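Those letters in the sequence shown? Residues 8 to 299, per our numbering, in order.
For each residue, glycine too, the CB sits at the ideal point set by N, CA and C.
This structure is a prediction, so every number in the text was calculated from the model and none was measured.
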Amino acid sequence: MLITHIKNYLASQQKFKVLLLLALFHPVFAETEESSPAVVPPLTQANTVVDHPLPSTENAALDNTPEYVIIRSNDQITFSSETAASVAKISVKEGSQFLKGDILLELDCRIQQAELSKAIAQQKASALAESSAKKLKNYDSISEFELVKAETDAKISDAEVSKLKAIVEKCTIKAPFNGSVATLMVHPYETVKQGDPLLKIINTENLEFDIEVPSNWLEWLHVNSAVNVHINELNKNFSATVARINPLIEPVSQTVKVIAIISKPDSTLLPGMSGQASFSDDPQNKIEKSKI
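Take a look at the structure:
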């Protein structure tokens, strides 16, 4: 009987050890590091997150607004033929520089010159006929109609001479200013007709700076404002002054065109060059680049 109680006690102790092992190693009963809740430290002044305000979109757009600067010639002329003729002589080439009054191109206008000589002779005869008609009218020897006809013929002759003189004068093209030849559209001995383009010239002295600026700059930008321009192609700085402000504002980009004139002419400046501009009156003294 005693031996039976001892066996039952040992069996119960063995069962307790098995249950204890299961409790220690089985995942259902064990508390792992992954399943433990995260400890959140208290929010103190040291670890408080500071909310920095974002930069204003309006100010950022203003700072990034480009100023478009391009050099433009104020005087550009394309000469066309006033009559049908052949090209007699071309005194310049593309890129050639010239002075005011220089002969650039000549047309062979011998036919037009002959017509002018004929018209001058007719003008002389018409003027004499008119003078005679007036004297005869004083003696009442001719009718009023004959006098009016003589006067009308004289005026017609004068108009014909003026027209042919203008055509012959245009056969020789002279430079109206100092500049350069931009485009040559004909060749020597080539025949042209009335209205055909001959050559295009530009004034390289009377240059202007076209600048696109934000329209809200008009509250401080005005005529005679000083402008500092840096030309990219030359890597040089030039001083200019605002001469005109375009009254039209571009509604999409909200920009306005400003025209500035260079203070001291420079022969190295050419139309089409671009660069940077800054205004002395600008409260933020911005310098912005642009390429055209």
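Asked                                                                                                        : Found
Meets three-Cβ-pair contact criterion under 8 Å: the stretch 232–242 and the stretch 169–185                 : no
DSSP state of ALA250 mapped onto helix, strand, coil                                                         : strand
LEU205, buried or exposed, once every other Cβ within 10 Å from all chains shown has been counted against 16 : buried
GLN104 (DSSP reduced to helix, strand or coil)                                                               : strand
Through-space distance from ILE209 to ILE84, alpha-carbon basis                                              : 6 Å
Reference ALA128, options PRO272, GLU167, SER281 and PHE245, closest by Cα                                   : GLU167
Test item: CB-CB of ALA247 and PHE216 under 8 Å                                                              : yes
Spatial distance of TYR75 from LYS243 (CA atoms)                                                             : 17 Å
Classification of TRP227 by the beta-carbon crowding that lies within 10 angstroms, buried from 16 upward    : exposed
Touch test, the stretch 150–169 against the stretch 179–198, Cβ-Cβ under 8 Å, three pairs minimum            : no
Contacting residues, own chain, Cβ-Cβ under 7 Å from ASP203 (five flanking each side not counted)            : SER87 and SER88
Alpha-carbon to alpha-carbon, ALA95 and THR190                                                               : 18 Å
For ARG79, the residue or residues it bridges with in DSSP                                                   : GLU215
Three-state class that DSSP yields for SER169 in the structure shown                                         : helix
The stretch 133–140 contacting the stretch 105–123, beta-carbon criterion three pairs below 8 Å              : no
Coarse secondary structure for VAL99, derived from DSSP in three states                                      : coil
8 Å Cβ shell around ASP288 - same chain, five flanking residues per side excluded                            : TRP227, LEU228, HIS229, SER232 and ALA233
Residues near ILE218 in its chain [Cβ-Cβ closer than 6 Å; skip 5 each side]                                  : GLU74, VAL76, VAL265 and ALA284
Through-space distance from ASP273 to SER98, alpha-carbon basis                                              : 25 Å
Distance, VAL199 Cα to ILE118 Cα                                                                             : 14 Å
Same chain only: Cβ atoms within 7 Å of MET192, ignoring 5 sequence neighbours per side                      : PRO204, LEU205 and LEU206
Backbone CA spacing between GLU257 and LEU225 [nearest angstrom]                                             : 13 Å
GLU197 versus ILE268: straight-line alpha-carbon distance, rounded                                           : 40 Å
Pick from LYS271, GLU158 and ASN253 that is closest to VAL263, judged by C-alpha positions                   : ASN253
Straight-line Cα distance separating LEU241 from GLU186                                                      : Sequence check: residue 186 is Gly here, not Glu. Using only the alpha carbons, I get a separation of about 20 Å.
Per-residue burial, VAL57 [other beta carbons within 10 Å of its own, 16 or more giving buried]              : Low local confidence applies: a pLDDT of 40 at VAL57 is under 50, so the model's placement there is unreliable, and no value is given.
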